[in-house]
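Since the structure comes first, as C-alpha cells, the remarks are kept for the end.
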Amino acid sequence: MIRKAYCKILFCNSKIIYNLNMVKIAQKGNKVLHQKAEEVPIDEIKSVKIKNLVAKMKETLMTMDDGVAIAAPQICTPLKVFIALDDFLKQSPPSLSSGRSEKNGKKSAAKISVFINPKIIKKSAKKTLVHEGCLSVAGIFGYINRSDKVTLEAYDENGKKITRGASGLAAQIFQHEVDHLEGKLFTDNAINLKEIK
-3 MIRKAYCKIL FCNSKIIYNL NMVKIAQKGN KVLHQKAEEV PIDEIKSVKI KNLVAKMKET
57 LMTMDDGVAI AAPQICTPLK VFIALDDFLK QSPPSLSSGR SEKNGKKSAA KISVFINPKI
117 IKKSAKKTLV HEGCLSVAGI FGYINRSDKV TLEAYDENGK KITRGASGLA AQIFQHEVDH
177 LEGKLFTDNA INLKEIK
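Position one of the sequence shown corresponds to residue -3 (the numbering used here), numbered consecutively onward.
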C-alpha cells in the first residue's frame, strides 16, 4: 500500500518495476499477484529462509518513498507474509511526509511490524469508502470500501502468535495486505480509478 501519489521508479516492464536500488516490485498482470499465497509452516517461521525474506521485504519497503506496507507476493514470493511501518499502524498516524527520516543522505530504519500467516478474524459491518494506491499498481489510485475496524491474527517473526485490533488507516492497511495474500488487488473492487503521474 502506498501513501502518496509519487514513486521513484527507474524503469518498468509490464509485469515488474524496479526502484532506484533495483529491487523488483511485481506489477498487476504478474501471476504471483493473482494467486493465493501459501502459508509458512509454523516450524519454518524462524528459519533462515523466512528471516532472509523478511529482511528483503524490509529493504524493499524502506527504498520505496511512498510505501507503508508490502506483502511477500509483491516481491515475487508467494508466501503469507506482510510487513508494515509501525508509525502507520498507530491510531494517530504521522503526516504523509514522515515515516522515515534521512540521516547523512541515507534513510534511517523505521520500526516495522511483521505478520506471518495473517488472518482477519473479525470485521466491522460499518464500511467507509477510502482512497488507496498500491506499489504493484504503479500510478493508479481509486476508492474502495473497507471495514472501519478489523481484528487480525498472525505470527510475528519470532513465531509468537499475536492478535491485533485496528481501526482507521491501520484497518485499511491490514485489509489491503491480506487481500494481496489472497491473490486480490485493490483495483479488483475499486471505483473511480485514476492514473496519477
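We put the beta carbon where it would ideally sit given N, CA and C, even for glycine.
Chain B within 7 angstroms of residue i, Cβ atoms only
i	result
S43	No chain B is part of this structure, which consists of one protein chain only.
For residue j and residue i, believed in contact at Cβ under 8 angstroms, the rounded distance
i	j	result
V77	I112	5 angstroms
V133	L181	6 angstroms
A22	C72	5 angstroms
G155	K42	5 angstroms
H30	G179	5 angstroms
E149	I117	5 angstroms
Option in the options with minimal Cα separation from residue i
i	options	result
H176	E149, A67 and K157	A67
K107	V44, T147, D82 and T73	D82
K157	N26, D39 and A33	D39
P37	I71, K122 and Y151	Y151
Y139	E191, N154, G155 and M60	E191
K54	V110, K122 and T124	V110
K86	A167, E178, N185 and T183	A167
D184	K42, T124 and G25	G25
F84	P69, T56 and M(-3)	M(-3)
S120	L189, A162 and D62	A162
M60	K20, K123, K122 and F137	K20
M58	T159, L75, P74 and A80	A80
L125	T56, V28, K27 and L189	L189
T147	R160, P69 and E153	R160
K27	T56, D62, E35 and P69	P69
E35	K123, L75 and E153	L75
E153	K193, P114, D62 and K123	P114
Host alpha helix (DSSP H) of residue i (start-end)
i	result
T56	V44 to T59
Paired residues, beta bridge with residue i - DSSP
i	result
L127	What sits at residue 127 in the sequence shown is His, not Leu. Y139, per the DSSP bridge assignment.
F111	F78
E34	L75
T159	E149
K118	T147
Unbroken beta strand (DSSP E) run spanning residue i, endpoints
i	result
V174	Careful: V174 lies outside any beta strand (DSSP E), inside the alpha helix (DSSP H) at G164 to L177.
K190	I187 to E191
L148	K145 to Y151
I66	A65 to A67
Any non-hydrogen atom of the ligand ADP closer than 6 angstroms to residue i Cβ
i	result
V28	This structure does not include the ligand ADP; it has no bound ligands of any sort.
Inset, instruction - Would you check if the segment 133 to 152 and the segment 167 to 182 touch, i.e. whether three or more CB-CB distances between them fall below 8 angstroms? - result: yes
Inset, instruction - Specify whether the segment 45 to 54 and the segment 122 to 131 touch according to this definition: at least 3 beta carbon pairs, one from each stretch, less than 8 angstroms apart. - result: no
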